[in-house]
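Asks: Position in the sequence shown (first residue = 1) + 2 = this note's numbering. The structure that follows is given in the form of structure tokens.
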Amino acid sequence: MGFFLVRDISFPRILNESEYTEGFCVLSSQFVKLIFRLDKLAGGLTYNGSVAIEEPDKYNLIFGNCQPEFEVTMNVHTEMYNVRNDGTKDFLPAGQTLMPKLYFLLFLVYTIFLGTWIFICIKQRSTVDRIHLIMCALLLFKALKLICASEDKMYITKTGTPHGWDVAFYVFGFFKGVILFTVIVLIGTGWSFLKPYLQEREKKVLMFYIVVILFLYFTRVMVPAIGTVVSYRYEWVASRSGGGWELGFLVLVTMSNCSTIMKVMDEFCNISGLKVNSHKSKLYVSPNIERRKARDLSTKCGIPLTNELRKYWGVP
Numbered sequence: 003m004g005f006f007l008v009r010d011i012s013f014p015r016i017l018n019e020s021e022y023t024e025g026f027c028v029l030s031s032q033f034v035k036l037i038f039r040l041d042k043l044a045g046g047l048t049y050n051g052s053v054a055i056e057e058p059d060k061y062n063l064i065f066g067n068c069q070p071e072f073e074v075t076m077n078v079h080t081e082m083y084n085v086r087n088d089g090t091k092d093f094l095p096a097g098q099t100l101m102p103k104l105y106f107l108l109f110l111v112y113t114i115f116l117g118t119w120i121f122i123c124i125k126q127r128s129t130v131d132r133i134h135l136i137m138c139a140l141l142l143f144k145a146l147k148l149i150c151a152s153e154d155k156m157y158i159t160k161t162g163t164p165h166g167w168d169v170a171f172y173v174f175g176f177f178k179g180v181i182l183f184t185v186i187v188l189i190g191t192g193w194s195f196l197k198p199y200l201q202e203r204e205k206k207v208l209m210f211y212i213v214v215i216l217f218l219y220f221t222r223v224m225v226p227a228i229g230t231v232v233s234y235r236y237e238w239v240a241s242r243s244g245g246g247w248e249l250g251f252l253v254l255v256t257m258s259n260c261s262t263i264m265k266v267m268d269e270f271c272n273i274s275g276l277k278v279n280s281h282k283s284k285l286y287v288s289p290n291i292e293r294r295k296a297r298d299l300s301t302k303c304g305i306p307l308t309n310e311l312r313k314y315w316g317v318p
């Protein structure tokens, strides 16, 4: 029994070595860096030490037990950090040391965007609609997400733990994602501009996107917390980095974005009467649309030809 360090890229090699080595013990593998063995403890039942990593990479600290008939319990406290030039500790991985300042700078940028948007809405209050308020909420949650990300990285840099800022980051990130997809879908369906309500199909589409976003953020939070699982008894290895989950997360997000864009394009084409082909595009709806075309288009889109819609289209 003992602790060892292993790189992410070494997990498949260890699995392959275990299959072709008789009486294999992971502590004796050539692909791990042994920290200490429990049978080597001297002077008590505690161990305190440090190991310097000479080759930069992403390492995992793992406890290996090659005697499954024995069980042990222990309290473990570990720290992994880089040492700055002045000798202080930096718990962020190499390459992320500037992330707190970058996130804070982006927070300031979005705060300026939010202030500008509020100023424009107040100045143009006569034309402000509900969709503008939702977009204001989108900027607000985006700014809150960025400031939480900045605090999260800053606390990790100094102490190694986020002190709860990661929870706030995921909460605000979830609301930002929901509002972002909601704004895209609502604008694409013409809500608040062309029709004051959503059809049943559009409500189902919106609820589907919200459920997908909830699932994506749930997996994004839970999968890294599962940790590294190494089981040579059943001959499989799962890396703590969760590379497969990260790839799946990105694929699902990309698919959701593409489906949303296709939905928006379809709705815009239906509302505006736009026909697009490989050679030309012709817009059949103009600001001074004729009454007959307006009536036909409203029937095609399934929306009533209200006074607001007549005014928007310039129909007498």
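All residues carry an ideal CB built from backbone N, CA and C; glycine is no exception.
Three or more beta-carbon pairs under 8 Å between the region 95-112 and the region 154-172, yes or no?
Replies: yes
Asks: For K147, name the three-state secondary structure that DSSP assigns.
Replies: helix
Asks: Only counting the same chain, and skipping five residues up and downstream in sequence, which positions put a Cβ closer than 7 Å to that of F177?
Replies: If we look at F177 and ignore the five residues flanking it on each side, its Cβ neighbours are F143.
Asks: Name, in chain order, the residues that DSSP records as bridge partners for L17.
Replies: The partner list for L17 (beta bridge, DSSP) is empty, contrary to what the question assumes.
Asks: Skipping 5 residues on each side, what residues in its chain have a beta carbon closer than 8 Å to that of V74?
Replies: M3, L40, N67
Asks: Under 8 Å: do the region 172-188 and the region 132-146 share three or more Cβ pairs, one atom per stretch?
Replies: yes
Asks: Given a threshold of 16 other Cβ atoms within 10 Å of its Cβ, counted over all protein chains shown, does A151 qualify as buried or as exposed?
Replies: Classification for A151: buried.
Asks: Indicate whether L7 and N87 have their beta-carbon atoms separated by less than 8 Å.
Replies: no
Asks: Less than 6 Å between C-beta atoms, sequence neighbours within five positions excluded: which residues of the same chain meet that for Y234?
Replies: Since pLDDT at Y234 reaches only 36, below the 50 mark, its modelled position is unreliable, and the value read off the structure follows with that caveat. The answer, listed in chain order, is S20.
Asks: Count the other CB atoms, across all protein chains shown, that sit within 10 Å of the CB of L188; report buried if there are 16 or more and exposed otherwise.
Replies: buried
Asks: Below 7 Å CB to CB, which residues in the same chain sit around R369 once its five sequence neighbours on both sides are set aside?
Replies: Residue 369 lies beyond the stretch modelled for the chain, which goes from 3 to 318, so this question has no answer here.
Asks: Around the C-beta of T184, are 16 or more other C-beta atoms found within 10 angstroms, so that it is buried, or is it exposed?
Replies: Label assigned to T184: buried.
Asks: I'd like the span of the beta strand (DSSP E) that includes G97, first residue to last.
Replies: Careful: G97 lies outside any beta strand (DSSP E) and carries neither H nor E.
Asks: From what residue to what residue does the beta strand (DSSP E) around G4 run?
Replies: 4-9
Asks: Going by DSSP, what residue range makes up the beta strand (DSSP E) through N87?
Replies: In the DSSP assignment, N87 falls outside any beta strand (DSSP E), carrying neither H nor E.
Asks: Could you check whether F115 and L94 sit closer than 8 Å to each other, using their CB atoms as the reference points?
Replies: The answer is no: Cβ separation not under 8 Å.
Asks: Among F13, N84, K42, L17, which one has its Cα closest to the Cα of V53?
Replies: N84
Asks: Find out if the Cβ-Cβ distance for the pair I212, V180 is shorter than 8 Å.
Replies: Remark: C-beta atoms of I212 and V180 approach each other more closely than 8 Å.
Asks: Three-state secondary structure (DSSP) at Y49?
Replies: Note: Y49 maps to coil in three-state DSSP.
Asks: Taking the beta strand (DSSP E) that I37 falls in, what are its first and last residues?
Replies: First-last of the beta strand (DSSP E) with I37: 35-39.
Asks: Helix, strand or coil for Y234 per DSSP?
Replies: Any reading at Y234 must be qualified, since the residue scores a pLDDT of 36, below 50, and its modelled position is unreliable; no value is offered.
Asks: For I64, write down the residues that DSSP places opposite it in a beta bridge.
Replies: F6
Asks: Could you check the C-alpha separation between G244 and N18 for me, to the nearest Å?
Replies: Confidence at G244 is low in this model, with a pLDDT of 45, below 50, so the placement of that residue should be treated as unreliable; the coordinate-derived value is given next. Their backbone Cα atoms lie some 20 Å apart in a straight line.
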